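Worksheet: the structure to be examined is printed underneath.
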Ligand SMILES: Nc1ncnc2c1ncn2[C@@H]1O[C@H](COP(=O)(O)OP(=O)(O)O)[C@@H](O)[C@H]1O
Ligand SMILES: [Mg+2]
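Residue numbers (my numbering): 2 to 240.
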């Protein structure tokens, strides 16, 4: 599989805090890569760097063979979408919420309607367009947030703890939607739910104290941990 995006010795510091330390990581085309790690491990920072929203303090981001920086950032950013952990919906209809980013990109009305309807179908909210987004249940709102991201047709989708605040039923629905994108959209998702990581991932990366301590197939990470740290990690002893 080809590499979609690559980090080379990326360090990201905030004032005195090193959120990422010398992270080298390849994300492959079309895979679902899950980043697991306790609170404060650096998961959100890693996603923000991959989403080209945050620049490394040192090190390099390479997107489809192209070193990211300077003049190409704004053009590459259009190919990448991040769904934030506490995503905010507009006090508007579901349709308007999903259409928002498309309007900013200047698509025409027919294209917008088609993309919004496709995105709503793919999150199983067909027919929800006219409803007020903020009146929906938490699970439905999370699916609107996902639809808003999908409508942009990103090549690379970053999801920050997409099911953290959902009940098991809605979490399962969101997981199914994510699984359905496998192979078409490259996905990096952060979670501290190791069961979810087991179910959904092509590969799992373990992040601890800003360092990637292992990346491998879930089978290897969870059943044949390389060392004592990973073993403790997947048993949840760091969480
Ligand atoms: N904007 C910021 N300013 C200062 N410190 C930050 C900022 N964002 C993250 N950090 C710090 O960086 C570390 C990693 O945070 P984060 O990437 O949010 O981890 P996670 O998502 O795994 O919980 C934490 O110590 C956090 O406090
Ligand atoms: Mg986080």
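Don't be surprised by glycine CBs; every beta carbon is placed ideally from N, CA and C.
All figures in this text were calculated on a predicted structure; none of them were measured in a lab.
Using a Cβ-Cβ cut-off of 6 Å (strictly less than) and excluding sequence neighbours within five positions of residue i, which residues of its own chain qualify?
i           : result
residue 86  : 161 and 162
residue 126 : 144
residue 100 : 113 and 117
Kindly identify the DSSP beta-bridge partner or partners of residue i.
i           : result
residue 222 : Residue 222 pairs with nothing; no bridge assigned.
residue 68  : 63
residue 7   : 27 and 63
residue 217 : 205
residue 13  : 21
residue 81  : 157
residue 34  : 189 and 204
Rounded to a whole number of angstroms, what is the C-alpha to C-alpha distance between residue i and residue j?
i           : j           : result
residue 66  : residue 78  : 15 Å
residue 153 : residue 6   : 19 Å
residue 43  : residue 37  : 10 Å
residue 135 : residue 89  : 10 Å
residue 213 : residue 147 : 27 Å
residue 109 : residue 156 : 21 Å
residue 107 : residue 226 : 49 Å
residue 95  : residue 228 : 47 Å
residue 207 : residue 75  : 30 Å
residue 123 : residue 22  : 37 Å
residue 171 : residue 137 : 13 Å
residue 235 : residue 164 : 19 Å
residue 238 : residue 193 : 12 Å
residue 92  : residue 105 : 17 Å
residue 11  : residue 133 : 42 Å
residue 186 : residue 224 : 28 Å
residue 102 : residue 195 : 32 Å
For residue i, collect the residues of the same chain with a Cβ closer than 7 Å to its Cβ; drop the 5 residues on either side in sequence, then sort them by chain order.
i           : result
residue 200 : 176
residue 215 : 207, 222, 227 and 231
residue 27  : 4 and 7
residue 54  : 83
residue 120 : 99, 148, 151 and 152
Looking only at its own chain, which residues have a Cβ that is under 8 Å from the Cβ of residue i, when we skip the five neighbours before and after it?
i          : result
residue 59 : 10, 11 and 12
Every unbroken alpha helix (DSSP H) within the stretch 173 to 211, with a cutoff of 4 residues, ordered by chain: Given a length threshold of 4 residues, each whole run of the alpha helix (DSSP H) inside the stretch 173 to 211 is given here in chain order: 195 to 201.
Ranges of the alpha helix (DSSP H) found wholly within the stretch 87 to 169, counting only runs of at least 4: Within the stretch 87 to 169, the complete alpha helix (DSSP H) segments of 4 residues or longer fall at 95 to 105, 110 to 123 and 139 to 151, listed in chain order.
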